[in-house]
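Working notes, structure below.
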Amino acid sequence: MKRIIILAVTLLLALCSFALADQFTATGRGMSEDAAVASGLNNAIDMAVKQILDEETVKKNKQKIASALKGKTRKLARLVQKGEPEFTGAGYELQVTAEVNLKSLENEINALGLMQDAMGNPRIMVLYNPNLPQGATLGSTRADLEAFFDNSYGAIVEVLTDKGFDVIDKASAQKFSVQVAETHEMELDTNKAALYGLKYHADLVLYYQTVGIGREGYWQYTGGAAKIFLRAQLINPSTSRVVASKDVESSSHAGTLQEALYRSAKDVGHKISNVMIDSIKKSWKREKSGAGTFIIVLDGVAEIDDVSSFKEALKTVPGMENIRERESGGGKTTFEIKSGSSADAVKSAINKTGKQLGWTLKLIRSEGARSTWKRQ
1080 MKRIIILAVT
1090 LLLALCSFAL
1100 ADQFTATGRG
1110 MSEDAAVASG
1120 LNNAIDMAVK
1130 QILDEETVKK
1140 NKQKIASALK
1150 GKTRKLARLV
1160 QKGEPEFTGA
1170 GYELQVTAEV
1180 NLKSLENEIN
1190 ALGLMQDAMG
1200 NPRIMVLYNP
1210 NLPQGATLGS
1220 TRADLEAFFD
1230 NSYGAIVEVL
1240 TDKGFDVIDK
1250 ASAQKFSVQV
1260 AETHEMELDT
1270 NKAALYGLKY
1280 HADLVLYYQT
1290 VGIGREGYWQ
1300 YTGGAAKIFL
1310 RAQLINPSTS
1320 RVVASKDVES
1330 SSHAGTLQEA
1340 LYRSAKDVGH
1350 KISNVMIDSI
1360 KKSWKREKSG
1370 AGTFIIVLDG
1380 VAEIDDVSSF
1390 KEALKTVPGM
1400 ENIRERESGG
1410 GKTTFEIKSG
1420 SSADAVKSAI
1430 NKTGKQLGWT
1440 LKLIRSEGAR
1450 STWKRQ
């Protein structure tokens, strides 16, 4: 009975280890049928490596990767289907479909330090909404309000730069806050923050606002106390999607109310950036490891037949299979593509598809993973 339980647990662990597996079809060659299968499995692993790392990194570190993965075929890949072997005169050739454990493969590549080298770090824009909840104040003067956001912004940037992230200059964030202040909007449409991030070529936007302020009288009758509630959203500017949303709070006591507010500002700034670090890394990893999202706007393509023809034609281009229509109206159609290809490869596929349909597509605007095309 004990042996059966151990066997069941082992089988369960094996199945779990391949729960995060992807299937790859590859060709294997060898002097025997078994050697051809082994070759096919290794080629499937190579294909998975190219899904995790960009082509240039793979070429540059070919020997290092091969040495790290040597003898680990059984750990990383499982044969799902084997085609009929063909004897070519020089040996056997066949096609195999294999499940590659991407999690284990990523761990092997991570150990070499190649994933971080290939991904780099995202360019982040930190933006804030200076408008406060109705009836709330930060101190007693405009200078107190500005000092609060100056301290919170500085604390956020301090943490991000210490972690190696590139943060877009403060002047651009201040321009944004002035524009938002003029609207008097507390609940700002995140599309505005996303578009502003695109303007400055940000990979991610960290947008925050104060959603609650508490003043707790005086501390021992000689000072002040404050409690701040802050909310931040991590936005992908290319898609306008909110990747993560976090809330933090901070209480401070000091000799004066202003000093208590400034301390809380720094504290919530440090807290919100630290809790967002993991979300930033995960989002960037998805973008750089074969799960990038591209937004394509076609101006002059709105008819149902044209939209359908474009989608079906683009799907035939390798790497462009995952495409969906996001919205249509006003003579424009917006598509979302999930692909491991580069932005340049996606643009090339769009252009190629247009020519295939007999269209002339002109690239009007391109910002990061978002591009707008005009059908002539």
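Following the working numbering, the numbering of the sequence shown begins with 1080 at its first residue and continues without gaps. Just so it is clear, CB atoms sit at the ideal spot from N, CA and C, and this is done for glycine as well. Since we're looking at a predicted model, the values are computed, not measured.
Residues of the same chain with a CB within less than 7 Å of the CB of Asn1121, apart from the 5 flanking positions on each side, are Thr1152 in chain order. For Lys1306, the uninterrupted beta strand (DSSP E) segment begins and ends at 1303-1315. Going by beta carbons, Asp1101 and Leu1181 fall inside the 9 Å limit. Here Phe1103 has Ala1123, Met1126, Ala1127, Ala1177, Val1179 as same chain residues with Cβ atoms under 7 Å from its own Cβ, once five neighbours each way along the sequence are excluded.
Within the stretch 1365-1395, the runs of alpha helix (DSSP H) that reach at least 4 residues and sit entirely inside it are, in chain order, 1383-1394.
Met1126 carries a helical assignment under DSSP once its states are collapsed to helix, strand and coil. Taken in chain order, the whole alpha helix (DSSP H) runs of length 4 or more contained in the stretch 1129-1157 are 1134-1139, 1141-1148, 1152-1155.
Sequence-distant Cβ neighbours of Thr1167 in its own chain, meaning closer than 6 Å and more than five residues away, do not exist here. C-alpha of Leu1340 to C-alpha of Ile1144: approximately 52 Å in a straight line. Unbroken alpha helix (DSSP H) runs of no fewer than 4 residues, entirely contained in the stretch 1411-1435, are found at 1422-1435, following chain order.
In chain order, Leu1277 place their CB closer than 6 Å to the CB of Glu1446, counting only its own chain and leaving out the 5 sequence neighbours on each side.
In this structure, Val1322 and Val1354 do not form a Cβ contact; the two beta carbons are roughly 13 Å apart against a cut-off of 8 Å. With 16 or more neighbouring CB atoms inside 10 Å of its own CB, Glu1187 falls in the buried class. With respect to Ala1272, Pro1316 sits close: the two C-beta atoms are nearer than 9 Å. In the DSSP annotation of this structure, Ser1183 is not part of any beta strand (DSSP E); the continuous alpha helix (DSSP H) holding it starts and ends at 1181-1191.
Setting aside the 5 residues that flank it on each side, Gln1160 is surrounded in the same chain by Val1175, Thr1176, each with a C-beta closer than 8 Å to its C-beta; the list follows chain order. Note on geometry: alpha-carbon atoms of Leu1191 and Lys1306 lie some 45 Å from one another.
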